[in-house]
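*Asks:* Residues in the sequence shown are numbered from 1 upward in steps of one, following UniProt numbering.
Where is the CB? At the ideal position from N, CA and C, for every residue including glycine.
Okay, handing you the structure first.
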Amino acid sequence: MQHKLLYDSKFFVTLLSDLTINVTEMFRDPSFFKVLREVVIPELKKQPFVKVWHAGCSSGEEVYSTAILMKEEGLYKTSLIYATDADDVVLDKAKFGVFAIDRMKDYTTNYRKAGGLASFADYYTARYDNAIMDNSLKKNIVFSNHNLVTDGVFGEMDMIICRNVFIYFNRDLQDRVFRLFSESLRPGGFLCLGTKETIRFSSFSDDFENVADHE
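As structure tokens, then:
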């Protein structure tokens with residue numbers, strides 16, 4: 001099974017789609033985005049240009065959350081967000097940035113808990129049953145297909161966000177992806193994981209220094 005995962009990208013995408021439920025939301029785990037705002041962003045502001053890789057972006061809710069945060073912190077104009085996923089179906093949804101209007105109440109609550117500085121409604125237009133994310137948030141986002149298991153280094157990033165993806169990988173596949181991330185980050189770059197994920201027991205744990213613990 002593992003050999004096929006590593007070398008047959010189509011098989012991997014199909015299997016991952018079957019195993020995973022694309023459950024995500026804007027400002028998911030608000031405390032994570034609060035730490036991002038208060039701890040990580042001040043360090044990123046020291047860079048003349050910021051490159052962010054949102055790996056395993058699913059349908060894009062957390063990508064747009066990151067874009068909103070960076071916009072509020074004055075970083076968006078001098079940044080580029082690469083949003084990737086191995087599933088073209090969810091990737092297409094992410095590109096459109098259209099979400100169910102009935103989720104906006106919960107997303108607004110998350111936004112406030114994450115330390116949002118404005119009105120969340122300013123970032124989308126309501127149209128019938130949909131909420132369409134503002135075009136200003138899409139300007140500096142590049143959506144692309146990328147398979148974490150079979151594809152190579154993505155570039156020298158200042159920050160990589162990959163949340164709630166490693167829970168679907170065994171230890172060997174986790175190490176493979178952690179190697180990819182280690183090689184894709186600039187020295188001093190940030191790796192952001194899900195609340196139930198850790199690099200602590202990985203072969204690459206020594207490549208990283210803990211900045212903030214999960215809630």
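#1: Could you tell me which of 120, 104, 139 sits nearest to residue 129, measuring between CA atoms?
#2: Using the three-state DSSP reduction, which class does residue 171 fall into: helix, strand or coil?
#3: Tell me which same chain residues have a C-beta within less than 7 Å of the C-beta of residue 21, skipping the five on either side of it?
#4: Do you know how far the Cα of residue 75 is from the Cα of residue 81?
#5: Report the CB separation of residue 171 from residue 193 in whole angstroms; it is logged as a contact under 8 Å.
#6: Under the three-state reduction of DSSP, which class applies to residue 94: helix, strand or coil?
#7: Which residue from 84, 174, 161 puts its Cα closest to that of residue 145?
#8: Have a look at the DSSP bridge pairing and note the partners of residue 274.
#9: Per DSSP, what are the beta-bridge partners of residue 190 in this structure?
#10: Buried or exposed: where does residue 211 fall if 16 or more other Cβ atoms within 10 Å of its Cβ makes it buried?
#11: Who does residue 228 pair with in a DSSP beta bridge?
#12: Using a 10 Å radius around the Cβ and a threshold of 16 neighbouring Cβ atoms, would you call residue 186 buried or exposed?
#13: Can you check DSSP and say which residues form a bridge with residue 54?
#14: Apply the 10 Å Cβ neighbour rule to residue 69 and answer buried if 16 or more other Cβ atoms are within range, or exposed otherwise.
#15: Using DSSP with H/G/I as helix, E/B as strand and the rest coil, what is residue 166?
*Replies:* Working from what's here:
#1: Against the sequence shown, residue 129 aligns to sequence position 129. The shortest C-alpha separation from residue 129 is found at 104.
#2: In the sequence shown, the residue the question calls residue 171 occupies position 171. Three-state DSSP puts residue 171 in a helix.
#3: Counted from its first residue, the sequence shown places residue 21 at position 21. Its pLDDT being 49, under 50, residue 21 is placed unreliably by the model, and nothing is read from it.
#4: Locating residue 81 in the sequence shown gives position 81, where the first residue counts as 1. Locating residue 75 in the sequence shown gives position 75, where the first residue counts as 1. If I take the Cα positions, the gap works out to 11 Å.
#5: Position 171 of the sequence shown, counted from the start, is the residue given in the question as residue 171. Position 193 of the sequence shown, counted from the start, is the residue given in the question as residue 193. 15 Å between Cβ atoms; not a contact.
#6: Indexing the sequence shown from 1 puts residue 94 at position 94. Three-state result, residue 94: helix.
#7: Translated into positions along the sequence shown, residue 145 becomes position 145. Measuring from the Cα of residue 145, the nearest candidate turns out to be 84.
#8: Outside the displayed range of the chain (1 to 215) lies residue 274, so it cannot be described from this structure.
#9: Mapped onto the sequence shown, residue 190 falls at position 190. 159, per the DSSP bridge assignment.
#10: Counting from one through the sequence shown, the residue named residue 211 turns up at place 211. That one is exposed.
#11: Lying outside 1 to 215, the shown extent of the chain, residue 228 is not represented and no answer is given.
#12: Taking the sequence shown and counting its residues from 1, the one referred to as residue 186 is at position 186. Residue 186 should be labelled exposed.
#13: In the sequence shown, counting from the first residue as 1, residue 54 sits at position 54. 83, 161.
#14: Along the sequence shown, read from residue 1 onward, the residue named residue 69 stands at position 69. So residue 69 ends up on the buried side.
#15: Within the sequence shown, numbered from 1, the residue matching residue 166 stands at position 166. Here residue 166 sits in helix by DSSP.
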